[in-house]
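Participant: Residue numbers (my numbering): 18 to 295.
Backbone N, C-alpha and C define an ideal beta-carbon position, used for all residues, glycine too.
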Ligand SMILES: [Zn+2]
Ligand SMILES: [Zn+2]
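#1: Within the present structure, is the beta-carbon of residue 233 separated from the nearest heavy atom of ligand 1 by less than 7 angstroms?
#2: Evaluate residue 150 with the Cβ neighbour count: other Cβ atoms within 10 Å of its Cβ, from every protein chain shown; 16 or more gives buried, anything less gives exposed.
#3: Cβ of residue 295 versus every heavy atom of ligand 2: is any distance shorter than 7 angstroms?
#4: What are the uninterrupted segments assigned as beta strand (DSSP E) that are 3 or more residues long and contained completely in the segment 123-191, given in chain order?
#5: Beta-carbon within less than 7 angstroms of residue 187's beta-carbon, same chain only, minus the 5 sequence neighbours each way: which residues are those?
#6: I want to check one thing, is the minimum distance from the CB of residue 272 to the heavy atoms of ligand 1 below 7 angstroms?
#7: Under the three-state reduction of DSSP, which class applies to residue 61: helix, strand or coil?
#8: Go ahead and label residue 205 buried or exposed: buried means 16 or more other beta carbons lie within 10 angstroms of its beta carbon, across all protein chains shown.
#9: In or out: residue 95 buried (at least 16 other Cβ within 10 Å) or exposed?
#10: Looking at ligand 1, does it come within less than 7 angstroms of residue 242, judged from the CB to the closest heavy atom?
#11: From this set, 153, 114 and 226, which residue's C-alpha is nearest residue 44's C-alpha?
#12: From residue 211 to residue 254, what does the alpha carbon distance come to, in whole angstroms?
#13: For residue 201, which three-state DSSP category applies?
#14: Say whether chain B places a C-beta atom closer than 8 angstroms to the C-beta of residue 131.
#15: Given this structure, state the Cα-to-Cα distance separating residue 91 from residue 26, to the nearest angstrom.
#16: Taking DSSP as the reference, what is the three-state secondary structure of residue 94?
#17: Grouping DSSP H, G and I as helix and E and B as strand, with all else coil, what is residue 68?
#18: Could you check whether residue 135 and residue 109 sit closer than 8 angstroms to each other, using their CB atoms as the reference points?
#19: Does the distance from the C-beta atom of residue 130 to that of residue 219 stay below 8 angstroms?
#20: Cβ of residue 157 versus every heavy atom of ligand 2: is any distance shorter than 7 angstroms?
#21: Starting from residue 273, follow its DSSP beta bridges and name the residues at the other end.
#22: Is residue 292 a contact residue of ligand 2, with contact defined as CB to any heavy atom under 7 angstroms?
#23: Decide if residue 32 is buried, meaning its Cβ has at least 16 other Cβ atoms within 10 Å, or exposed.
#24: Taking 7 angstroms as the line, does the beta carbon of residue 188 fall inside it for any heavy atom of ligand 2?
#25: What is the residue span of the beta strand (DSSP E) that residue 117 lies within?
#26: Any heavy atom of ligand 2 closer than 7 angstroms to the CB of residue 252?
#27: Going by the C-beta, is residue 275 closer than 7 angstroms to any heavy atom of ligand 1?
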């Protein structure tokens, strides 16, 4: 289905470095990355251009826009978001999504990674000591930093700082003018090796999903569409909130398959039972 086809990687920040090799090797596609593709029109992390859609919609729009512009029928886009972990408040997390769009076979396949492995951070600093402490914690200079006048201010903004001289020089500038600066991690992939690794992991996941075929019609992307909770408690037998089964659905022929006990156990430890251990 994919062999020999051109796959456009709709990305700007060198993400093709981790996306292309795997896909070319396994799917036998020929990856291209247009040098003039400007993904910033779909929003930036630093707030100069607001993001107006959810990550998957944005990724789909990037693909569609690039497919139209460069006349290809197969594209991939990525979209990262950063913020507190949805289940562990105050712990920073990175959610990375990849979306493959295939107009020839009418397919959309997505993969997501949610991880706390990120240096995502920001702080207001008034002196060089605080700046140094922040920078070291943020894995600077292997990971770039951004300086601005104040938090969320997009007017005076220096991105992609990768050495101590520049960091000190720009910081001194801000401090002389405003008495402080806001320093934050640069999350653009090419400036953030930790994020690049997460994109690579997500590419592996996407590849697994592409290779997962419908047992009936062999369309790629046979994937989980529903998670059913209610694994019975080993002591009282009542349903818990743990996963009982997964339902996979084919997007082409709607064939469904239920996978029972995906975690490899048929009962849940009473420790996680709302009745035995409220
Ligand atoms: Zn099918
Ligand atoms: Zn119980």
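Facilitator: On the basis of the coordinates in this document:
#1: yes
#2: exposed
#3: no
#4: 124-132, 139-142, 162-165 and 174-178
#5: 164, 175 and 178
#6: yes
#7: coil
#8: buried
#9: buried
#10: no
#11: 226
#12: 43 angstroms
#13: strand
#14: Absent from the structure: chain B. Only one protein chain is present.
#15: 9 angstroms
#16: strand
#17: coil
#18: yes
#19: yes
#20: no
#21: 266
#22: yes
#23: buried
#24: no
#25: 109-119
#26: yes
#27: no
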